[in-house]
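A.B. asks: Protein sequences, first through last, are from chains D and A.
Residues 52 to 337 (the numbering used here) make up the first sequence, in order.
Residues 52 to 337 (the numbering used here) make up the second sequence, in order.
Ideal Cβ positions, reconstructed from N, Cα and C, are used throughout, including at glycine.
Model, not experiment: these values are computed from the prediction.
2 protein chains.
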Amino acid sequence: MKIITSPAEMKAFSLTHRRNSNSIGFVPTMGALHEGHLSLIDIARKHCGCAVASIFVNPAQFGPNEDFAKYPRAFERDCGLLEAAGCDCVFAPAVGDMYPDNYGTYVNVDGITDTLCGASRPGHFRGVATVVLKLFNIVLPDAAVFGSKDAQQVAVIRRMVEDLNLSVRIIAAPIAREAGGLAMSSRNAYLTIGERREAAAIYAGLAKSVEMYNDGCRDSQQIKNCVLTEINRSSTIKPEYVEAVDTKSLQPVDKIDGQVLIAVACRTSESGTRLIDNVVLKDKNL
Amino acid sequence: MKIITSPAEMKAFSLTHRRNSNSIGFVPTMGALHEGHLSLIDIARKHCGCAVASIFVNPAQFGPNEDFAKYPRAFERDCGLLEAAGCDCVFAPAVGDMYPDNYGTYVNVDGITDTLCGASRPGHFRGVATVVLKLFNIVLPDAAVFGSKDAQQVAVIRRMVEDLNLSVRIIAAPIAREAGGLAMSSRNAYLTIGERREAAAIYAGLAKSVEMYNDGCRDSQQIKNCVLTEINRSSTIKPEYVEAVDTKSLQPVDKIDGQVLIAVACRTSESGTRLIDNVVLKDKNL
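#1: Alpha carbons only, please: which of 299(A), 297(A), 252(A), 91(A) is nearest the one belonging to residue 279(A)?
#2: Between which residues of its own chain and residue 303(A) is the CB-CB distance below 7 Å, once the five residues before and five after are set aside?
#3: Under 8 Å, Cβ to Cβ, is there at least one residue of chain D near residue 71(A)?
#4: Using only CA atoms, which one of 123(D), 216(D), 71(D), 182(D) lies nearest to residue 158(D)?
#5: Just to confirm before moving on: does the CB-CB distance between residue 132(D) and residue 186(D) stay below 8 Å?
#6: Apart from the five residues on each side of it in sequence, which residues of its chain come closer than 6 Å, Cβ to Cβ, to residue 184(D)?
#7: Specify the secondary structure class of residue 154(A) as computed by DSSP and reduced to three states.
#8: Who pairs with residue 59(A) in a beta bridge, going by DSSP?
#9: Given that residue 161(A) touches chain D, what residues does it touch there, using C-beta distances under 8 Å?
#10: Taking 8 Å as the threshold (beta carbon to beta carbon), is residue 282(A) in contact with chain D?
#11: Would you kindly work out how many angstroms separate the C-alpha atoms of residue 144(A) and residue 74(A), rounded to a whole number?
#12: List the residues that DSSP assigns as beta-bridge partners of residue 326(D).
#13: Return helix, strand or coil for residue 38(A), following the three-state DSSP convention.
#14: For residue 297(D), does the three-state DSSP call read helix, strand or coil?
#15: Buried or exposed for residue 219(A), please, with buried defined as at least 16 other CB atoms from any protein chain shown within 10 angstroms of its CB.
#16: Please go through the same chain and pick out, in chain order, the residues whose beta-carbon is closer than 8 Å to the beta-carbon of residue 109(D), but skip the five residues on each side of it.
#17: Please confirm whether residue 81(D) has its beta-carbon closer than 8 Å to some beta-carbon of chain A.
#18: Output needed in chain order: residues of the segment 203-218 of chain D with a Cβ under 8 Å from some Cβ in chain C.
#19: Tell whether a beta-carbon distance below 8 Å holds between residue 307(D) and residue 271(D).
#20: What does residue 184(A) touch in chain D if you count any residue whose Cβ is under 8 Å from its own?
#21: Taking the beta carbon of residue 284(D) as the centre, do at least 16 other beta carbons fall within 10 Å, making it buried, or is it exposed?
#22: Am I right that residue 249(A) and residue 287(A) are in contact with their C-beta atoms under 8 Å? What's the rounded C-beta distance?
#23: Using a Cβ cut-off of 8 Å (strictly closer), state whether residue 188(D) contacts chain A.
#24: Quick check: what's the CA-CA separation for residue 276(D) versus residue 282(D)?
#25: Is the shortest distance between the beta-carbon of residue 115(A) and the beta-carbons of chain D less than 8 Å?
#26: Name the one or two DSSP bridge partners that residue 311(D) has.
#27: Can you check whether the C-beta of residue 58(A) is within less than 8 Å of a C-beta belonging to chain D?
#28: Have a look at the DSSP bridge pairing and note the partners of residue 192(A).
#29: Identify every residue that forms a DSSP beta bridge with residue 290(A).
#30: My output table needs one value for residue 202(A): the three-state DSSP class, helix, strand or coil.
#31: I'd like the list of long-range same chain contacts for residue 245(D), defined as Cβ closer than 8 Å, with 5 residues on each side in sequence excluded.
#32: Would you call residue 230(A) buried or exposed, if buried means 16 or more other Cβ atoms sit within 10 Å of its Cβ?
#33: Taking the beta carbon of residue 176(A) as the centre, do at least 16 other beta carbons fall within 10 Å, making it buried, or is it exposed?
#34: So, for residue 258(D): in the same chain, excluding its five sequence neighbours on each side, which residues have a beta-carbon less than 8 Å away from its beta-carbon?
#35: Closer than 8 Å is the cut-off here; do at least three beta carbon pairs connect the segment 161-171 of chain D with the segment 55-67 of chain D?
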């Protein structure tokens, strides 16, 4: 597995592969990899001849009071996991090479970034869209694979790709979960033992919403209340929001119709960890 | 000469050329072409195997009180001029194909868009950067040619290309001028006969600044005053700004050192036309 740190060298690597008609499947990550990330590599390998992962903790998507400095970093371990998963190349640029002095260009995706996580994390999706566009322009992928846990991120990137006329196929992979149902996340490393146990309540709530939907409930408020009740059974998991929104526009819906995203964000009361999760409610025919 | 209106068809045309190792030189325009534009086509043809021009009056770069609706449009005439100039393909998309319903992605280039024209045209360079990035992603050029009259535009696009890791070579072409010195512009069509005659004072002022520089003056204020004095000899040309700025950062300089842009914007008092022009002062050795 090749490890590249220079953007110019990464672009040259990708151009060589593309000239040889070898398609590139790309998995952008911030490192601290878990099985969820590795499942994205699997998908990239299935769709493309060459799998490239990036490891870059992107300062532009962290707010001033967020966890950029303490975000878990485990480069050697990550590279071992990626190599074992069949990844062909890791791109791990330095912050100064991605955002040199006088850097000034940022991508804003209006309309779908001011709700859900965007409401409490101003500038977060600007940072995400900007770094993903930069990475796309360096790695030149045919397809890019993102985890569905970050549902708003996927929606923002899909919108950006469409709006900016990019030719990258965006693939959203299913959420990888721990045995108890907790969605895998690099931030789970922050959780205390008690929080980790109680955090299972988030998925329990979402699973209930699927049950209610399958039993015929189409009322957003009823479904959101049910999720909230389930999460509130725990003593350490505090809901930040529970929303029912259209999967594309991310606008709230009163009635579940078509494909509706039930999205949850919580914060734990001991370690102060922010956790997100979601399910999509849809007719089996959709 | 091929005329294409569909973004997908334009991209397919460019991909075919690129696969055949034919380089693409791109000249983005808003139509209403003059000799200045045609000189850009010449340059594109010199550098690349295939010259593509776009004609698109971009609503995103006009303010609510600006001249989007009345901006001169002359599509048939423009196509005739482009074909005669040896242009291989014109891309002329509909507004609805560039900005469909729910469009939401915009590119901001911070730091160099709040001075000069950006100060009086909020959002203008956001619209320029956004449409140029979209056009680059559709036309897939190896090189793109811009007129130096819009010096801030060139600086913004260079910054965007560098920041977003794009592989497009940006070529700035010399300003084409009418016999009296007036910089060619599609907006010159708005001028009354009297304004057009008096507008020559703008270049006269800039030419004086070059003289002063060549005579050893390195004081920005003295040079700006001289340009202002020259422009104020006319009765219909009202200066909006005369600035001396670094050519890359566009930050004001007190002392002329290295490459300094003397940039002027004026508004005419009869037709209310906005005119811009500039010269670069630099040592002959630079």
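C.D. replies: On the basis of the data shown:
#1: The count along the second sequence starts at 1 and reaches residue 279(A) at position 228. 252(A) is the residue among 299(A), 297(A), 252(A), 91(A) whose C-alpha sits nearest the C-alpha of residue 279(A).
#2: The residue labelled residue 303(A) in the question sits at position 252 within the second sequence. Within the same chain, Cβ atoms closer than 7 Å to the Cβ of residue 303(A) are found at 294, 295, 296, the five residues on either side in sequence being excluded.
#3: Taking the second sequence and counting its residues from 1, one reaches residue 71(A) at position 20. No, residue 71(A) does not count as interfacial toward chain D.
#4: Locating residue 158(D) in the first sequence gives position 107, counting from the first residue. Closest by alpha carbon: 182(D).
#5: Locating residue 132(D) in the first sequence gives position 81, where the first residue counts as 1. Locating residue 186(D) in the first sequence gives position 135, where the first residue counts as 1. Result no, Cβ atoms of residue 132(D) and residue 186(D) do not sit closer than 8 Å.
#6: Stepping through the first sequence from its first residue, residue 184(D) is reached at position 133. Counting only Cβ-Cβ distances below 6 Å, and skipping sequence neighbours, we find 158.
#7: As a working note, residue 154(A) is residue 103 in the second sequence. Three-state result, residue 154(A): coil.
#8: In the second sequence, the residue the question calls residue 59(A) occupies position 8. Answer is none; residue 59(A) lacks a bridge partner.
#9: Numbered from its first residue, the second sequence carries residue 161(A) at position 110. Chain D residues near residue 161(A): 155, 156, 157.
#10: To locate residue 282(A), count along the second sequence from 1; it is residue 231. Cβ-Cβ to chain D under 8 Å: no for residue 282(A).
#11: Residue 144(A) sits at position 93 when you count from the first residue of the second sequence. Residue 74(A) sits at position 23 when you count from the first residue of the second sequence. So the two alpha carbons sit approximately 22 Å from each other.
#12: Position 275 of the first sequence holds residue 326(D). Bridge partners of residue 326(D): 317(D).
#13: Lying before the first or after the last residue shown, residue 38(A) is absent from chain A, which here runs from 52 to 337.
#14: Locating residue 297(D) in the first sequence gives position 246, where the first residue counts as 1. Strand.
#15: Counting from one through the second sequence, the residue named residue 219(A) turns up at place 168. Residue 219(A) is buried by the Cβ-count criterion.
#16: Within the first sequence, numbered from 1, the residue matching residue 109(D) stands at position 58. So the qualifying residues of the chain are 81, 149, 178, 179, 182.
#17: Here residue 81(D) refers to the residue found at position 30 when the first sequence is read from its first residue. No, residue 81(D) does not count as interfacial toward chain A.
#18: Chain labels in this structure do not include chain C; the protein chains are D and A.
#19: Sequence index remark: in the first sequence, residue 307(D) carries index 256 (1-based). Sequence index remark: in the first sequence, residue 271(D) carries index 220 (1-based). Yes, these two residues count as a Cβ contact at 8 Å.
#20: Indexing the second sequence from 1 puts residue 184(A) at position 133. Those are 215, listed as they occur along chain D.
#21: Residue mapping note: residue 284(D) aligns to position 233 of the first sequence, counting from 1. Exposed: under 16 other Cβ atoms inside 10 Å.
#22: As a working note, residue 249(A) is residue 198 in the second sequence. As a working note, residue 287(A) is residue 236 in the second sequence. Yes, they are in contact, since the Cβ atoms of residue 249(A) and residue 287(A) sit about 5 Å apart, within 8 Å.
#23: Walking along the first sequence from the start, residue 188(D) turns up at place 137. Closer than 8 Å to some Cβ of chain A, the Cβ of residue 188(D) qualifies, so yes.
#24: As a first step, residue 276(D) is located in the first sequence; it is residue number 225 there, counting from the start. As a first step, residue 282(D) is located in the first sequence; it is residue number 231 there, counting from the start. Computed Cα separation, rounded: 10 Å.
#25: The sequence position of residue 115(A) within the second sequence is 64, counting from 1. Chain D contact via Cβ: absent.
#26: For the purposes of this step, residue 311(D) is taken as the residue at position 260 of the first sequence. The secondary-structure analysis by DSSP pairs residue 311(D) across a beta bridge with 297(D), 332(D).
#27: Here residue 58(A) is taken as the residue at index 7 of the second sequence, counted from 1. Yes, its Cβ sits closer than 8 Å to a Cβ of chain D.
#28: The residue labelled residue 192(A) in the question sits at position 141 within the second sequence. Residue 192(A) pairs with nothing; no bridge assigned.
#29: Numbered from 1 along the second sequence, position 239 holds the residue referred to as residue 290(A). Per DSSP, 317(A).
#30: For the purposes of this step, residue 202(A) is identified with residue 151 of the second sequence, where counting begins at 1. Looking at residue 202(A) - three-state DSSP - the assignment turns out to be helix.
#31: Along the first sequence, one-based indexing puts residue 245(D) at 194. Correct list, in chain order: 287, 321.
#32: For the purposes of this step, residue 230(A) is taken as the residue at position 179 of the second sequence. Label assigned to residue 230(A): exposed.
#33: In the second sequence, counting from the first residue as 1, residue 176(A) sits at position 125. A residue is called buried once 16 or more other Cβ atoms fall within 10 Å of its Cβ, and residue 176(A) is buried on that count.
#34: The residue labelled residue 258(D) in the question sits at position 207 within the first sequence. Same-chain partners within the cutoff: 232, 330.
#35: no
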